[in-house]
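Structure first, commentary second.
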Amino acid sequence: MMKLVKGGEVYAPHYMGKMDLLLVADKIGDLKEEINIPDAMLDIEVIDASGKYVIPGLIDSHVHITGGGGEGGFKTRTPEIMLSAITKAGVTTVVGCLGTDGTTRCMKGLLAKARGLEEEGITAYIYTGSYQVPVRTITGSAMDDIILIDKVIGIGEIAISDHRSSQPTVEDLAKLAAEARVGGILSGKAGIVNIHLGDGARHLEALIHIIEHTEIPAAQFVPTHMNRSMKVMQKGIEYGKKGGIIDLTTSSDPEFLEEDEVKASTGLKIAMDAGVAVENITFSSDGQGSMPTFNKKKECIGLGVGKVDSIFREFRDAVQVDGVPMADALKVVTENPARILKLKNKGTIEIGKDADIVLVDQETFTVDTVIAKGKVMVKQGAAVVKGTFE
Ligand SMILES: CC(C)C[C@H](NC(=O)C[C@H](N)C(=O)O)C(=O)O
Ligand SMILES: [Zn+2]
Ligand SMILES: [Zn+2]
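Here the working numbering is used: the first residue of the sequence shown is 14, the next is one more, and so on.
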């Protein structure tokens with residue numbers, strides 16, 4: 014089945030102007046100013062994209078797809094994600110992870126959920142591990158997980174500078190990054206270590222030590238939650254200006270920000286203005302992850318749940334509120350994560366890439382249509398393909 018997406022304004026992320034897209038099966042088959050189909054070709058679906066921005070499907074590189082949480086006891090374990098919570102946000106690729114709780118959440122369940130999401134129509138990968146070191150794995154070795162299990166693209170989210178971490182030494186982290194790096198090299202994957210940065214005073218010191226004293230490059234690490242406070246944001250900007258990658262968490266709800274949490278869209282603007290290359294910045298939602306609040310005695314006094322739709326909201330706000338150019342804000346949720354995570358067929362609108370396409374209504378700047386691997390999942394903002402039990 015072919016689809017012709019006609020008359021939209023294409024941001025690939027770079028602006029391409031009005032273009033027609035021909036989708037052939039699950040790939041972008043052609044991309045031209047004007048594509049006309051001979052009448053004889055009746056079995057082609059024409060999608061009218063006039064008045065719409067046409068952008069690549071968003072990539073959310075940090076989602077607790079089997080749920081997370083638990084910091085307030087068993088009743089605070091968060092629910093697993095359902096398909097439409099992902100697709101309605103314009104997200105067509107997710108990377109799943111475990112968090113604080115690496116006991117009642119397990120790697121085999123994470124892999125099964127990623128496979129389930131793939132069967133339901135989107136693209137899903139996972140990190141092996143959880144907060145803790147030694148790392149929870151499927152095969153018993155993080156390197157072997159990366160090499161042998163197609164969906165495993167790296168290790169994460171490994172917690173540092175956090176009272177909930179396993180207090181890994183710099184040595185522990187260096188060895189972990191070495192496993193991820195060699196596992197990635199041997200399997201053609203990124204072998205990224207997704208690092209959960211907490212509020213602790215040591216901030217990014219361990220990563221900086223490894224980058225400065227071993228052969229492991231900064232590109233091996235993606236520290237996330239870099240907007241969790243202005244102090245951490247500033248540390249992230251210093252790190253980013255030296256070439257490190259920083260990931261900002263979009264679920265920190267603007268209304269309920271911790272005393273000095275930085276809204277992701279604002280963090281993007283601040284970092285870019287401070288001289289961090291936009292190519293080194295990504296957003297991720299921390300969807301279904303818990304958003305716990307701890308008091309001075311580090312007791313959990315409240316808990317929210319991250320939402321995948323925040324990644325689209327923060328992309329929109331970056332453009333409409335913080336004045337970030339559209340193509341730059343779009344890179345942060347498409348091309349950058351695709352490049353950093355080596356998701357070869359993802360992240361841009363180019364012939365031969367996966368047909369992951371989102372139509373955004375130019376009037377309301379809302380998600381109108383979502384196409385994942387050539388299949389329409391969302392139409393006029395409503396999920397036309399739902400998860401098995403939705
Ligand atoms: C960035 C802040 C606001 C949220 C962040 N969430 C997680 O790391 C995920 C959570 N622990 C889970 O396991 O579900 C945090 O707790 O620090
Ligand atoms: Zn985290
Ligand atoms: Zn998380």
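Built from N, CA and C at the ideal position, the CB exists for glycine as well.
- Positions of the beta strand (DSSP E) runs, each at least 3 residues long and wholly inside the segment 184 to 268, are given as 205 to 210, 234 to 237 and 259 to 262 in order along the chain.
- Taking the C-beta atoms as reference points, Asp43 is found nearer than 7 angstroms to Leu35.
- Residue Leu17 holds the alpha-carbon nearest to the alpha-carbon of Glu47 among Ser298, Leu17 and Gly197.
- Ordered along the chain, residues surrounding ligand 2 are Gly112, Glu170, Ala172, His209, Thr237, His238, Asp299 and Gly302 [Cβ under 7 angstroms from any heavy atom].
- A distance below 7 angstroms separates the beta carbons of Gly300 and Val76.
- Per DSSP, the continuous alpha helix (DSSP H) segment holding Glu133 begins and ends at Met120 to Glu133.
- With respect to the C-alpha of Asp266, the residue from Lys309, Ile224 and Gly319 having the closest C-alpha is Gly319.
- A residue is called buried once 16 or more other Cβ atoms fall within 10 Å of its Cβ, and Lys45, having fewer, is exposed.
- If you check the C-beta of His77 against ligand 1, you find a heavy atom less than 6 angstroms away.
- By the 16-neighbour rule on beta-carbons within 10 angstroms, Pro181 is buried.
- In the DSSP assignment, Ala342 falls within the alpha helix (DSSP H) that extends over Met339 to Lys344.
- Under the three-state reduction of DSSP output, Pro350 falls in the helix class.
- Judged by the Cβ position, Pro305 qualifies as a neighbour of ligand 1 at the 6 angstroms threshold, a heavy atom of the ligand being closer than this.
- Taking C-alpha positions only, Gln247 is separated from Asn207 by approximately 19 angstroms.
- Around the beta-carbon of Pro230, fewer than 16 other beta-carbon atoms lie within 10 Å, marking it exposed.
- Between Thr106 and Lys359, the C-beta gap is smaller than 7 angstroms, which places the two residues in contact.
- An exposed status is given to Ser63, since fewer than 16 other beta-carbon atoms sit within 10 Å of its beta-carbon.
- Ser179 has its CB no nearer than 6 angstroms to any heavy atom of ligand 1.
- If you check the CB distance, Val345 and Thr295 come in under 7 angstroms.
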